[in-house]
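Position 558 of the sequence shown, counting from 1, maps to 544 under my numbering, and the rest follow consecutively.
Ideal placement from N, C-alpha and C gives every residue a C-beta, glycine not left out.
Just so we're clear, the structure is a prediction, and the values are computed from it rather than from any experiment.
Scroll down for the structure; my scribbles are underneath it.
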Amino acid sequence: MVFLHFGAFLSLFASLSVCGAQSVLTTVPLAIRTPHFNCWTNSSRAGNVWPGLWNNQILGWDGLVRIDGVTWQWLGATLVPGVMIPMFTQAQFSSTQTAYVFQAGNVTLTVTYLSPIEVKDLARQSLPFSYVSFEATSTDQRIHNVQVYSDISAEWCSGDRASNVTWNTGATAKNTYHSVQLQNPTPFAENNNQAEDVTVYYSMPKGPKSSARINTDNVCRSQFVQNGSLSGANSVPPGIINNPFQVFSLAIDLGNITSTSTPIVWSLGVVRNFTMYSNVEAENRQIRYPYYVTRWSNVLDALDYFAGDFSNALDRASSLDSQLSNAANQFSDNYEYLASLAMRQTIGSTEVTISKGNDGNWNTSDIQTFMKDVGSSRRVNPVEVLFDSLPFFLYMNPSYCGYLLSPLFEFQTSRRWSQPYAARDLGSSYPNATLTDTPHKEGIDQSGNMLIMTFAHASVTGDKSLITRHYDLLKNWTNYLVDHSMNPVNQSSPGLGVLSNSTNLSLKGILGIKSMSGISQMLQNSNDAGYFSRIASTYAGSWHSIALTPGPNDQHVLPNFGDPNSAWSLAYNFYADKLLGASIIEQNVYQQQSAYYNQLFSSMSELPVNSMSARMNFAWTMFTAATITDKTTRDQVIGNIKSNLLNPHFFPYLANATDGTWSGFSSPAQGAMFALLALGVSRAQGGFQAIQQRDSTGPIVGGIVGGIVFVAAIILVYVFWRRRARLQKDGPETGARDILQSGVVPYEYHNPGQADQDGHPTTSEASRSYPMLQGTNSVPGVIPSSKERAATTQFDTPGFASASSASGSGPEGLGTTGFIPAVGLGHASAGPTLEYRGLQSEVDNLRRVVQELQTERFEAPPNYQDIQNQNVPPVPQSQSADSGTSEFGEREGGRDSDGGKPLRRRRTSL
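See below:
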């Protein structure tokens, strides 16, 4: 930790993480407030490069200081003659701030970019504004004549630099401001990841020595270089963004000083009056608004408040920085570094919204938060990214989890969704939340994610509104997981493609089932709680038998069930087990897996997600680190994540260990960096208590299953007798299979011609399945050990076989139910006799009875029906305080590429 004695900034720098001359970072955030207000720059050259969006598009933002008649550049890359580049001294960042120190002759310059994070005050958090502050201190104890200047360009308004814009200069009671927007804005549209419906504001406090002007970049900057102030008429709108570049400049003359008495502050805002467009029902279209409108009636009032609140905002931000630094540093310096860097991009990928009621008033009870899949796509509330960022929101304000989950539940309880599993997102074109009823192959993963997140939110906050309103939907997803978790065939996991027998996917499903038992407990539905808890426990026992390498010692998780050739996998889904306190994974497995990670690091420097992939997912790597029992190994994994920041990109969460490519820049998935911190979050209610009440349907179903076994035994004896008689009469029949053959037989799913969600045909690998033990006492789709088989006899677990279990697949080829197929009675080549058909009919009738009992078993009890019919209050408001690949473009002196006209400036790549 470095302490710099620069007056008021002593407390600021004391809270910042060091990233000076030996910093591993090549880029740091300057201003991140919303998915469309996301600005980064090179950490070591902030004074001579242009900042830009995470996809490398330049965002014109310039800063100059004139000291004793000599002008120095502290932001941007002005090509005005005579401008000097100050000596870069140090860069530091914290969770909310990035600060630079330059030496300009005999004056030290300190420039700080502050993006407030106010997750416990939704109105302030939803303000789409950011600060940049400037301080100067003489190092020779002499008086210096100082003027300071900053401007922005219209590049903040659109991803299409040939668009026409219009502008205005105005004043409030306290501030002078410029505003600029497209001449013809398009609501709810993006161009190259920039919103096409923003109004950009740049302001500074009024003062007798402040000045403002709108004109071309050369005119405004040259005037400041020559005079130290701005004067003259503004350019007349409209104009094209880049021909010529109009800039919106603000300057102040500080006079003769040895140091600034208070920071000089500019406020920058990227404002959208309408935040989201949603379409739950075709006849129920809704426009949503930024939450701050509930406190400030118009944007200029909000701007005035924000600009005047800098000192308080800095105090709150510094306090938050200090709290996070102290908490994260208890694990390691590297961990503090990662958590601090992840903060702004995680919360800055979200927007808190509110709706307007039929009476025209703001519906303050209808809070929904939307997340953009920044850095990867335009998807709205991508469920797997929400899951990755869950630790951040649980740690910072767990109520946010409810705000993010609420629109997902709302859409999937509408008529627009008919799939038996959870949706992947709310649409593919942020800011349009327009879910379509499209089947997908991530049923286990996304259903498990939703159940885990929902239970985590409810148990930490004690807020039961979501689980009460959407209990039936949660239960449907759980039933899907019961059917498929132990036979994850033709399923996908985001980024990994179609998988077969994935141990991580199966575990995600089991944890989803376990989460439903916790949800049922919270609602005092002991029958469902016990039922799902027993299934999760039984599945977990079988998972341990087939997901780990054989042998009692040095066991570790395989990527695929029963496939020792697949070597190893990061057990990233162990994290949900630890976060929830589910105890699905045995403690000795945690220890053995940790020991195996230590072995891996002795032979390799990177950790892909498994031995068959070059893909590195740093969110999953951090989940893995949080489950490692050995501190040395854990810190080694965390250090590996940090070392991968030695790249010229914007804190990406995905990389390829083979070719060195990166993706997922500035992604909210990096909220996973809070994984260790979230493990310490206390629960307001919930958890997994022992289930005292037995499931009343177990003995009934057990009796029915016993009847099926009895009838099946009669059938087998009959068929055996008929076969022996025929063999004695006709001799052995070629190709016939002995129905009494015992032991383990594979239950394979064949789906010829199926394609994955990207249109690629599935391979034979997608049709593989693990062996399944036949017999009515086994749990569907699992291979229990002898101890497990003995243990399961205590549970009276209901039978799960159904008429649909024997064949077929789920929607869009999601695979079979994983249950025991109907007993194949008779010969492989011979048709059933009349007597056989009659006996088979009896078995089918009994099986239908079991299905009916299961259906009755899953109906909500009367007390839940009563709750369901009540007016349940909504999620309460917390009362406590497409990616680019090129570098930043250059504008060469001379001619531009499209019109042959002289360029106004050169832009230097990072």
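For Ser569, the CB contacts under 8 Å within the same chain, skipping 5 residues up- and downstream, are Asp563, Phe674 in chain order. Excluding the 5 residues flanking it on each side, Met190 has same chain C-beta neighbours closer than 6 Å at Leu236, Trp252, in chain order. For Cys25, the enclosing beta strand (DSSP E) starts and ends at 23 to 28. Around the beta carbon of Arg207, a 10 Å sphere encloses 16 or more other beta carbons of the protein chains shown; the residue is thus reported as buried.
DSSP places Gly156 inside the beta strand (DSSP E), whose first and last residues are 150 to 157. The DSSP assignment places 560 to 566, 573 to 587 as complete runs of the alpha helix (DSSP H) inside the segment 537 to 609, in order along the chain (cut-off: 4 residues). Assigned with DSSP and collapsed to three states, Trp142 falls in helix.
Lys494 counts as buried, since at least 16 other C-beta atoms from the protein chains shown sit within 10 angstroms of its C-beta. Taking a cut-off of 8 Å for Cβ pairs, the segment 39 to 50 and the segment 135 to 142 touch, as three or more such pairs fall below it.
Rounded to the nearest whole angstrom, the C-alpha separation of Leu61 and Asn201 is 19 Å. Given a length threshold of 3 residues, each whole run of the beta strand (DSSP E) inside the segment 304 to 389 is given here in chain order: 336 to 342, 348 to 357. Sixteen is the threshold: when 16 or more other Cβ atoms of the shown chains lie within 10 Å of the Cβ of Asn546, as they do, the residue is buried. Less than 7 Å divides the Cβ of Phe378 from the Cβ of Phe660. Excluding its 5 nearest sequence neighbours in each direction, Gly388 has C-beta neighbours in its own chain below 8 Å: His443, Thr447, Asp449, Ser451, Leu452, Val861, listed in chain order.
If you draw a straight line from the Cα of Leu482 to the Cα of Ser471, it is about 17 Å long. Residue pairing by DSSP places Gln656 in no beta bridge whatsoever.
Under the rule that a run must span 4 or more residues, the alpha helix (DSSP H) segments found entirely inside the segment 442 to 516 read 451 to 455, 457 to 470, 489 to 508. Here Ser503 is near Phe518, since their CB atoms are less than 7 Å apart.
Asn265 is classed as buried because its beta carbon has at least 16 other beta carbons within 10 Å across all chains shown. The segment 271 to 286 and the segment 108 to 123 touch, with three or more beta-carbon pairs separated by less than 8 Å. Between the segment 290 to 299 and the segment 74 to 81 there are fewer than three inter-stretch CB-CB distances shorter than 8 Å, so the stretches are not counted as touching. For Ile627, the enclosing alpha helix (DSSP H) stretches over residues 617 to 629. For Arg110, the enclosing alpha helix (DSSP H) covers residues 108 to 111.
Taking each of Leu95, Glu182, Ser400, Ser479 in turn and checking the Cα distance to Thr172, the smallest one comes out for Glu182. Between the segment 76 to 96 and the segment 14 to 21 there are three or more inter-stretch CB-CB distances shorter than 8 Å, so the stretches are counted as touching. Between the segment 341 to 353 and the segment 254 to 263 there are fewer than three C-beta pairs closer than 8 Å, too few to call the two in contact. Beyond the five residues adjoining it in sequence on each side, Ala643 comes within less than 7 Å, by CB distance, of Glu592, Pro594, Ala600, Met602 in the same chain, given in chain order. Approximately 5 Å separates the beta-carbon atoms of Tyr277 and Leu108; this is inside 8 Å, confirming the contact.
Here Ile273 is actually not in contact with Ile129; their C-beta atoms are around 56 Å apart, not less than 8 Å. CA-to-CA, the gap between His426 and Asn465 works out to about 17 Å. In its chain, beyond the 5 residues on either side, Gln59, Trp60, Leu61, Ile71, Pro72, Phe74, Phe88 have a beta carbon closer than 7 Å to the beta carbon of Gly33. By a beta-carbon distance limit of 8 Å, Asn559 contacts Asn490. Their separation comes to about 5 Å. CA-CA distance, Glu121 to Arg401, rounds to 57 Å. Residue pairing by DSSP places Glu176 opposite Ala181 in a beta bridge.
For Gln133, the pairing in a beta bridge is given by DSSP as Arg52, Asp239. His22 is positioned such that its CB atom lies closer than 7 Å to that of Val256.
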